[in-house]
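Chains as they are written, first to last, in the working numbering: chain A, 3 to 198; chain B, 3 to 198; chain C, -15 to 238. By construction, the Cβ of each residue, glycine as well, lies at the ideal position given by its N, Cα and C atoms.
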Amino acid sequence: MSEPPDLPEPVAEPMPEADPALFAHALRIAEALIFASDRPIPPARLAQALPPGIDPRAVITSLMATTAGRPVELVEVAGGVAFRTAPELAPAITKVVEVPRRLPRVAMETLAIIAYHQPATRAEIEEIRGASLSQSTLEALLEMGLIAPRGRKEVPGRPSLWGTTPRFLEQFGLKALTDLPRREELVSEPAPPLSA
Amino acid sequence: MSEPPDLPEPVAEPMPEADPALFAHALRIAEALIFASDRPIPPARLAQALPPGIDPRAVITSLMATTAGRPVELVEVAGGVAFRTAPELAPAITKVVEVPRRLPRVAMETLAIIAYHQPATRAEIEEIRGASLSQSTLEALLEMGLIAPRGRKEVPGRPSLWGTTPRFLEQFGLKALTDLPRREELVSEPAPPLSA
Amino acid sequence: MTQPVLHLRLDGFEGPLDLLLDLARAQKVDLEKISIIALVDQFLAVLEQARRVRLELAADWLVMAAWLAWLKSRLLVPPDPAEEVDAEALAAALTDRLAELERMRLAAAWLATRDQLGREVFGRGAAEQLRIEDRSGINADLPALLQAYAAARRRALARRPYTPKHRKLWTVQDALARLGRLIGALPDWAVLHRFLPEGLTDPVEQRAALASTLIAALETARGGGIQLQQDRAFGPILVRRAAPTEAIPDVRAA
Chain A
3 MSEPPDLPEP
13 VAEPMPEADP
23 ALFAHALRIA
33 EALIFASDRP
43 IPPARLAQAL
53 PPGIDPRAVI
63 TSLMATTAGR
73 PVELVEVAGG
83 VAFRTAPELA
93 PAITKVVEVP
103 RRLPRVAMET
113 LAIIAYHQPA
123 TRAEIEEIRG
133 ASLSQSTLEA
143 LLEMGLIAPR
153 GRKEVPGRPS
163 LWGTTPRFLE
173 QFGLKALTDL
183 PRREELVSEP
193 APPLSA
Chain B
3 MSEPPDLPEP
13 VAEPMPEADP
23 ALFAHALRIA
33 EALIFASDRP
43 IPPARLAQAL
53 PPGIDPRAVI
63 TSLMATTAGR
73 PVELVEVAGG
83 VAFRTAPELA
93 PAITKVVEVP
103 RRLPRVAMET
113 LAIIAYHQPA
123 TRAEIEEIRG
133 ASLSQSTLEA
143 LLEMGLIAPR
153 GRKEVPGRPS
163 LWGTTPRFLE
173 QFGLKALTDL
183 PRREELVSEP
193 APPLSA
Chain C
-15 MTQPVLHLRL
-5 DGFEGPLDLL
5 LDLARAQKVD
15 LEKISIIALV
25 DQFLAVLEQA
35 RRVRLELAAD
45 WLVMAAWLAW
55 LKSRLLVPPD
65 PAEEVDAEAL
75 AAALTDRLAE
85 LERMRLAAAW
95 LATRDQLGRE
105 VFGRGAAEQL
115 RIEDRSGINA
125 DLPALLQAYA
135 AARRRALARR
145 PYTPKHRKLW
155 TVQDALARLG
165 RLIGALPDWA
175 VLHRFLPEGL
185 TDPVEQRAAL
195 ASTLIAALET
205 ARGGGIQLQQ
215 DRAFGPILVR
225 RAAPTEAIPD
235 VRAA
C-alpha cells in the first residue's frame, strides 16, 4: 500500500557521484535541521538547506541507517522525517515527562470513522456508530489537533465536514493515510478481542 | 560564564564502580529523556529516570563528551542540560524570512517633502507639512539610509540640511531625482481662489 | 438457539446497533453469514426482559425493535413480487451496517495498538526556532511616496488662516457726492444705474454701489433735491432734478 515516497534501498553509503566531504557536511546539516524541529521535515524543506546537488533522499536514507537502534531514531512520518525516541525507552521517560491521558473508546472509534470516511459529517459518524455523538468528543479530537473541519456538505443545514490532520499521522506514527490497514484487512480474528 | 554546577572534569569513561552495560543503558535513557523534555533537565530529574545507583552527573559528562563536535550537542543551560544544534550550522538550517517594514505616515510624508524640497532643514519641513516633526522620525529615515545630512544652512542656529540618498532612489525605483513627477502635477499650488 | 446470558445491562451498549453487533458476534460466524432472524429474536428477547425490569426505554431502542419485528415478519413469508421493499435487501443492508461498525471498531483497535506520540515515542520537546525575520526591508513604493507628498501639502494648505479679499466699496458718501455732481447736468428722467461709478466688474461691488446710490438718491429726494419714480416692482428706478414745488408726493409714490 504505502510505498515509501521514492526512497531508495536503505544503504549507508552516499550517492556514488557525491563528494564524500560534501555529503558528510550534508548529513550534519540534515541531522541538525531535523533535530531542531518538533514537526516532521518534508524532503523538499530538507533540500533547501542542503548544499546544491545533494539528493535529500540519499541523506535521509543514510541518516536512517546510522540512527537505527539508537535511543533517538530517524523515522518517516506524516510526509516527512522526524527524530523519535525508541519505544522501549518510554517507561523511563514517562517517569519524568508528563504523559497525556489515553483517548476514550468513543473518541478512538470516532477518529477511526473520520479517518476512513473523511470528509464526514457528524450525522454520518452517528449513522455508522448507531449512537449519538457528544459534542465533547468532537471537541476533544479538535483540541488535540487530530481532526479539522474540511468545509461544509451542500445538503440542508450545511453541516461541517471533518477530516484528519497531519498531526493525526504524527500521533499514530503513520507516513500517510495509506498506512492505515485497508478495509479488507479489517476482519476480526477468530476470537475477537473487542468487547463492549 | 556559567560554571558547570559541580560537574566533574569531562571524561568519557564511566564511574569506576558502575556496571558497563547498565551505564550504557543509562546513557540511552538520558539521551532520549533530554531529547523529549521541553525544558532543560537538571541532574536531579535525570536521576529519577535512571536505574538506581547511576550517578546522573557521570552520565551527563559522558554524553557531553560523545556529542561534542556533533551536529547536535549536549550543552548546559539554566539549571540543567539540553540538546542544541551546533551554532555553526545555524546559517544552513535557519530560514530567513523577509518581513519588510511599512513606513509610518509621518515618515513617508517627511521623506516625500525632503525629496521634493531638498536640501531642507527640519524647520522647513515643518513649514511645508504644516505640522511639527519629531526627531525620531528623521532618525528613523536616517537609520534606513533613505536620507542623509547635506551640510548646514547659514542662518542663525546653523540647522542641518537634509537630502535623499542613492538608497532612496533604489527603494523607489528611480534613476534620478528628476524622474519624480513635477510638484505641480501632484498639488495645485497656489491655493484655489476662495470666491464668495 | 442457545439463549445468551443477558444481564440487561443496556446502559453498557452504545445504542441498538452496538447490541446487535454484540449479538451477531456471539453467533461466532462471519458477519456475512449470520442469521438475521435469530439475531432479531435475540434482540427482541433482550428488550423484552429489559422492559420487564423497567418500563422506560429510549426511543431509539423501541424504533429498532419495531423495525426488526417488521423485518422478521417479511423475511418469514415467501417473497411477494408486488412488494415494494425487498426484505432480503433490507436484511443485507443491516448486515452491511453491522460489518462497517465492526470494521471501524477494528480500525480503532488497530490505532490503539500503535505507538503514540507523547506516550510510547517522543519527539523533540524543545523545538528550536528555525525562522529568522529580516526586517531590514522597507515596504514603500513610488505611488505611496507621491500620495504622501500630495496629502501633506493639501493638508498644510487647507490649514492656512483665512484672509478675506480686500474690497473697495462705494460708500453712501461717495454716492451722495457723485449724485449731487451729476444731477445738476441732467435734463430729464434718467435711470438710477447711470449714477453708478464706472469700472466696477465685481458683481458684489456692483450690488454694493447700487445700494449706496439708491440710499443717496432717497436721501437727496427727502431733502427735495430730486424726484424718484418706479413704475412697477423691480422695474427701473428713474431720477430727475426736482422742481422746487412738487417734490414730496412723488417720493411717497415710489
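Cutoff 9 Å: residue i Cβ touching any chain A Cβ
| i | result |
| --- | --- |
| C/Val(-11) | Note on C/Val(-11): pLDDT 43, under 50, position unreliable in the model; no value is reported. |
| C/Leu55 | no |
| C/Pro0 | yes |
| B/Gln50 | yes |
| C/Trp94 | yes |
| C/Leu85 | yes |
| C/Ala91 | yes |
N- and C-terminal bounds of the alpha helix (DSSP H) containing residue i
| i | result |
| --- | --- |
| C/Ile221 | Careful: C/Ile221 lies outside any alpha helix (DSSP H), inside the beta strand (DSSP E) at Ile221 to Arg225. |
| C/Gly164 | Val156 to Ile167 |
| B/Leu105 | Careful: B/Leu105 lies outside any alpha helix (DSSP H) and carries neither H nor E. |
| C/Leu46 | Ala43 to Leu60 |
| C/Met88 | Ala71 to Thr97 |
| B/Thr68 | Pro58 to Thr69 |
Cβ of residue i within 9 Å of any chain B Cβ
| i | result |
| --- | --- |
| C/Gly107 | yes |
| A/Val61 | no |
| C/Arg103 | no |
| C/Arg139 | yes |
| C/Val223 | no |
| C/Met(-15) | Bear in mind that the predicted position of C/Met(-15) carries a pLDDT of just 42, short of 50, making it unreliable; the figure below should be weighed with that in mind. False, the Cβ-Cβ gap to chain B never drops below 9 Å. |
Residue-chain proximity (residue i, chain C), Cβ-Cβ < 9 Å
| i | result |
| --- | --- |
| B/Glu141 | no |
| A/Ala84 | yes |
| B/Ile130 | yes |
| A/Thr87 | yes |
| B/Ala122 | no |
| B/Ala133 | yes |
| A/Leu182 | yes |
| B/Arg41 | yes |
| B/Leu179 | no |
| B/Leu2 | What the structure shows of chain B is the stretch from 3 to 198, and residue 2 of chain B is not part of that stretch, so it cannot be assessed. |
| B/Leu144 | no |
Contact set between residue i and chain A, taken where Cβ atoms lie within less than 7 Å
| i | result |
| --- | --- |
| B/Val74 | Glu33, Ala34 and Phe37 |
| C/Glu112 | Ala38 |
Interface partners of residue i on chain B, CB under 8 Å
| i | result |
| --- | --- |
| C/Leu129 | Met110, Leu113, Ala114, Ala117 and Phe174 |
Close Cβ partners of residue i (< 7 Å) along its chain, the five nearest in sequence each way excluded
| i | result |
| --- | --- |
| C/Met88 | none |
| B/Pro42 | Val79, Ala80, Gly81, Gly82, Val83 and Ala84 |
| C/Leu78 | Ile20 |
| C/Leu4 | Leu23, Phe27 and Leu82 |
| A/Val108 | Thr139 |
| B/Glu111 | Arg131 |
| C/Leu101 | Gly107 |
Residue i Cβ short of 8 Å to the ligand HEM heavy atom set
| i | result |
| --- | --- |
| A/Pro161 | This structure does not include the ligand HEM; it has no bound ligands of any sort. |
Where the beta strand (DSSP E) containing residue i begins and where it ends
| i | result |
| --- | --- |
| A/Gly165 | Ser162 to Thr166 |
| B/Val99 | Lys97 to Glu100 |
| C/Arg115 | Arg115 to Asp118 |
| C/Val214 | Here residue 214 of chain C turns out to be Gln, not Val, going by the sequence shown. Taken as a continuous stretch (DSSP letters only), the beta strand (DSSP E) holding C/Gln214 covers Ile210 to Gln214. |
| B/Pro150 | Per the sequence presented here, residue 150 of chain B reads as Ala, with Pro not at that position. Element bounds for B/Ala150: Ile149 to Arg154. |
| A/Thr87 | Gly82 to Thr87 |
| A/Leu76 | Val74 to Val79 |
Cβ neighbours of residue i in the same chain (closer than 8 Å, five flanking residues each side left out)
| i | result |
| --- | --- |
| A/Leu113 | Leu105, Leu143, Leu148, Ile149, Thr166 and Phe170 |
| A/Leu182 | Ala117, Tyr118 and Leu176 |
| B/Glu128 | Ser134 and Leu135 |
Beta-carbon separation (whole angstroms), residue i vs residue j, contact threshold 8 Å
| i | j | result |
| --- | --- | --- |
| C/Leu248 | C/Ala200 | Here chain C comprises residues numbered -15 to 238, so residue 248 of chain C is not present and cannot be evaluated. |
| B/Phe25 | B/Ile56 | 7 Å |
| A/Pro89 | C/Asp99 | 5 Å |
Chain-ordered chain C contacts of residue i [CB-CB under 9 Å]
| i | result |
| --- | --- |
| B/Glu186 | Those do not exist, as B/Glu186 stays about 11 Å from chain C at its closest Cβ, beyond 9 Å. |
| B/Glu100 | Glu117, Asp118, Arg119, Ser120 and Gly121 |
| B/Ile95 | Glu112 and Leu114 |
| B/Met66 | Simply none; closest approach about 17 Å. |
Residues that residue i contacts on chain C, provided the C-beta gap is smaller than 7 Å
| i | result |
| --- | --- |
| B/Leu105 | Ile122 and Ala124 |
| B/Val189 | Ala134, Arg137 and Arg138 |
Own chain residues within Cβ distance below 6 Å of residue i, not counting five before or after
| i | result |
| --- | --- |
| A/Glu186 | none |
| B/Val1 | Residue coverage of chain B in this structure runs from 3 to 198, which leaves residue 1 of chain B outside it and unanswerable. |
| B/Gly132 | none |
| C/Trp45 | Pro0 |
Proximal chain B residues relative to residue i, where beta-carbon distance stays under 7 Å
| i | result |
| --- | --- |
| A/Leu91 | Arg30, Ile31 and Ala34 |
8 Å Cβ cut-off: residues of chain A touching residue i
| i | result |
| --- | --- |
| C/Trp45 | Those do not exist, as C/Trp45 stays about 11 Å from chain A at its closest Cβ, beyond 8 Å. |
Beta-carbon neighbours of residue i, restricted to chain D and to distances below 7 Å
| i | result |
| --- | --- |
| C/Arg143 | Absent here is chain D; the protein component of the structure consists of chains A, B and C. |
Where residue i meets chain A, residues with beta-carbon distance less than 9 Å
| i | result |
| --- | --- |
| C/Asp99 | Arg86, Pro89, Ala92, Phe174 and Gly175 |
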